[in-house]
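In terms of the numbering used here, the sequence shown has 527 at position 526, counting the first letter as 1, and numbering is strictly consecutive.
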Amino acid sequence: MIDVLIIGSGGAGLTAALSAKDVGASVLVVGKAYPTNSQTSMAQGGMNAALGNVGEDSIESHIEDTIKSAHGLCDETMVELMCTSAPSAIQWLESIGVPFSRLDHSTEAETAELHSLHTVAQRQMGGASAKRACYAQDYTGLKILHTLYDTCLKHKIDFLDEHYLMSLIVEEETVKGATFLDIRTGEIKQINAKSVILATGGYGGLYHDYTTNMTGSTGDGIAAVLRAGGAVSDMEFVQFHPTALKSSSILISESARGEGGYLVNSKGERFIDELKPRDVVARAIFDELQKGEEVFLDLRHLGEEKLMELLPQEVALCRLHEHVDPAKELIPIKPVAHYSMGGIDVNHIFEVEGIKGCFAVGECSNAKVNGANRLGGNSLLEITAFGKLAGEHAQKYASTINDNEADDAQRQKDESYIKHLYAHTASLNFYGQRDTLGALLYEKVGIVRDNSALNTALEEVIAMQENLSHMGIEDKSPTNNTNLIDFLEFANAILLSSIIISAAIARDESRGAHYKEAFNIQDDEKFKNHIVFQWKRES
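Next comes the structure, spelled out in structure tokens:
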């Protein structure tokens with residue numbers, strides 16, 4: 002039997018796999034796509050670590066910046082653990098071959114130390130008090146992801162790609178494994194394991210067409226935990242990235258502002274300090290748009306040579322998707338959904354509350370380090386530092402388990418559900434509902450919120466839930482059925498949307514990314530708590 006079953010093959014899952022393997026575990030990584038397609042590749046700007054290579058910095062300052070950005074809604078012990086682990090996380094990534102950009106070298110001694118941490122280039126990110134983000138041009142997440150995957154292959158870690166998570170197998174509040182839909186064959190498979198790590202990513206894809214996330218970022222692992230009797234927390238906190246391309250919602254990295262880019266309105270006026278925390282900058286842009294202004298990112302003064310050296314991906318994205326040349330033209334932008342601060346409720350060893358032996362790490366989990374607003378540059382740090390620890394804790398738990406065999410009741414249940422979908426004739430197109438949901442969330446559960454709009458949104462989502470039985474799939478082919486996967490993801494999106502909105506209604510204050518016009522000052526005494534939801538599917 003597998004010691005550690007890892008569900009999700011992005012940066013968090015791959016790091017956990019290497020860590021668990023390193024301490025002697027048998028490991029299987031299962032993903033609904035391929036590792037190199039992971040959302041980790043979209044983390045462009047950098048990874049925080051207080052190295053102090055460019056000006057003064059300290060781990061204490063990193064901790065303070067993280068807590069400040071989170072607006073106090075965090076576990077300071079977990080924040081300290083993450084920030085203290087950052088330098089060693091960078092050193093580990095260096096050791097396996099991540100090609101971080103380097104400072105300029107002028108002496109032979111410095112050149113000889115090319116692969117020392119002291120030569121790693123660092124840039125400023127929003128909300129940071131120092132140049133702290135270690136980067137690889139503006140491909141940081143992509144290069145980390147590819148290096149992790151290459152290293153997993155070198156260590157002969159097993160992968161099972163194109164397998165969609167259906168359910169966790171939980172008996173007596175203990176995880177026994179999981180069931181999956183083999184996308185290529187249409188078969189429902191059961192995988193038993195001594196422990197499970199969920200690294201399935203966030204739920205930014207719910208804001209369909211108004212997000213930097215891929216369409217598959219629908220919180221599948223989070224929904225599976227809810228159905229299995231686990232808990233989620235802080236789901237109301239969704240980070241909106243200030244700079245996405247206006248026409249396509251493609252991300253333009255914060256590194257563009259970190260390197261000196263300006264935000265200007267239609268009059269050419271700068272209206273905000275570009276390096277304030279993301280929630281502040283996103284609201285400032287939203288205010289300009291509400292006034293009827295257009296908003297642009299201005300990189301022209303940086304010059305083409307610097308842009309191509311430090312931000313080649315941003316240049317390419319602007320030319321391809323917006324048909325503008327950043328060296329010569331203003332870049333039209335808008336804020337869109339980017340990151341999920343809330344997620345699966347976990348304890349200090351990343352074990353899911355209410356499900357023994359099940360762990361969660363990365364954007365799908367709420368390890369209480371991001372709070373009301375994630376500090377830019379901390380996401381890559383979290384998946385690396387905490388991914389390593391999650392792998393160790395999962396193997397430690399697995400070593401205590403002798404027999405964890407489960408019956409096939411859950412597999413049969415999931416198989417029956419899929420057969421029902423194939424037999425069912427849909428009268429309502431869920432793709433139109435998915436588009437409606439994305440716009441609804443962006444407009445009514447977005448950057449600025451009020452209870453009237455939130456209640457309207459909740460009513461509309463409940464109506465979608467009630468109509469879900471009238472929706473289904475049109476493609477009845479048993480193999481490689483993307484229509485089926487899209488529908489399963491949409492069902493998860495509907496479940497999570499109702500929880501996001503309910504949590505937003507319950508939090509009557511403004512704190513970080515959750516901003517209500519009627520409550521423009523956070524109430525530390527009343528609301529400095531984590532709103533937790535549990536939900537169980539009726540049998």
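The C-beta atom is built at its ideal place from N, Cα and C for all residues, glycine as well.
Terminal residues of the beta strand (DSSP E) in which residue i lies
i: G181; result: The question names Gly, but residue 181 is Phe in the sequence shown. 175 to 183 is the extent of the beta strand (DSSP E) around F181.
i: E352; result: Per DSSP, E352 belongs to no beta strand (DSSP E) and is neither H nor E.
i: Y165; result: 164 to 172
i: S20; result: It is not in any beta strand (DSSP E) - S20 instead sits in the alpha helix (DSSP H) that spans 12 to 23.
Residue i versus residue j: straight-line alpha-carbon distance, rounded
i: E206; j: T216; result: The question names Glu, but residue 206 in the sequence shown is Gly. Taking the straight line joining both Cα atoms gives about 5 Å.
i: E294; j: S503; result: 32 Å
i: I60; j: A514; result: 25 Å
i: I332; j: S254; result: 13 Å
i: R169; j: L308; result: Checking the displayed sequence, the identity of residue 169 turns out to be Leu instead of Arg. Those two C-alpha atoms are separated by around 46 Å.
i: A407; j: K477; result: 31 Å
i: A200; j: F297; result: 35 Å
i: H471; j: A427; result: 5 Å
i: K369; j: L376; result: 13 Å
i: G231; j: A395; result: 17 Å
i: R228; j: E237; result: 19 Å
i: D183; j: D23; result: 28 Å
i: N481; j: M167; result: 16 Å
i: D404; j: K397; result: 15 Å
i: Y516; j: S453; result: 14 Å
i: L118; j: G378; result: 17 Å
i: I223; j: V462; result: 18 Å
i: F101; j: L143; result: 12 Å
i: H421; j: E490; result: 17 Å
i: G14; j: I251; result: 25 Å
i: D159; j: V30; result: 6 Å
i: V5; j: A225; result: 18 Å
i: S39; j: D221; result: 14 Å
i: R279; j: F520; result: 19 Å
i: Y418; j: R412; result: 10 Å
i: D58; j: A51; result: 6 Å
i: D288; j: E173; result: 51 Å
i: H349; j: S62; result: 22 Å
i: S70; j: V239; result: 14 Å
i: G11; j: A328; result: 33 Å
i: L496; j: V80; result: 30 Å
i: S86; j: A194; result: 29 Å
Cβ-Cβ distance between residue i and residue j below 8 Å
i: T141; j: Q45; result: yes
i: L321; j: D139; result: no
i: T219; j: N493; result: yes
i: A257; j: L300; result: yes
i: Y340; j: G202; result: no
i: S42; j: L146; result: yes
i: L442; j: S498; result: yes
i: F488; j: P336; result: no
i: H209; j: R435; result: yes
i: A90; j: L382; result: yes
i: E330; j: K247; result: no
i: A131; j: M48; result: no
i: L82; j: T385; result: no
i: K357; j: V176; result: yes
Start and end residues, alpha helix (DSSP H) containing residue i
i: V80; result: 77 to 97
i: F160; result: Note, F160: premise wrong, no alpha helix (DSSP H); beta strand (DSSP E) at 159 to 161.
i: L104; result: Premise fails: L104 is in no alpha helix (DSSP H) and is neither H nor E.
i: E61; result: 60 to 70
i: A232; result: A232 -> not in any alpha helix (DSSP H); beta strand (DSSP E) instead, spanning 232 to 234.
i: V226; result: 221 to 228
i: Q191; result: That residue, Q191, is in no alpha helix (DSSP H); its beta strand (DSSP E) goes 189 to 199.
i: K397; result: 379 to 399
i: Y418; result: 410 to 424
i: C365; result: No alpha helix (DSSP H) contains C365, which DSSP labels as neither H nor E.
i: T335; result: It should be noted that the sequence gives Lys, not Thr, for residue 335. No alpha helix (DSSP H) holds K335; the beta strand (DSSP E) holding it covers 332 to 341.
Own chain residues within Cβ distance below 8 Å of residue i, not counting five before or after
i: K268; result: E294
i: N456; result: I506
i: V325; result: C319, L331, I332, P333
i: T78; result: H349
Sequence-distant residues of its chain with Cβ nearer than 6 Å to residue i (five each side left out)
i: E416; result: I189
i: F534; result: V233, I500
i: H531; result: S234, D235
i: I286; result: P243, V296, P336
Neighbourhood of residue i by C-beta distance below 7 Å, restricted to the same chain and skipping five residues each side
i: H425; result: G473
> What runs of the beta strand (DSSP E), each 3 residues or longer, lie entirely inside the region 238 to 313?
Replying inline: Runs of the beta strand (DSSP E) inside the region 238 to 313: 239 to 246, 263 to 266, 296 to 299.
>> Extract the residue ranges of the alpha helix (DSSP H) inside the region 440 to 508, only unbroken runs of 4 or more that lie entirely within it.
In response: If you keep only unbroken alpha helix (DSSP H) runs of at least 4 residues inside the region 440 to 508, you get 452 to 468, 483 to 507.
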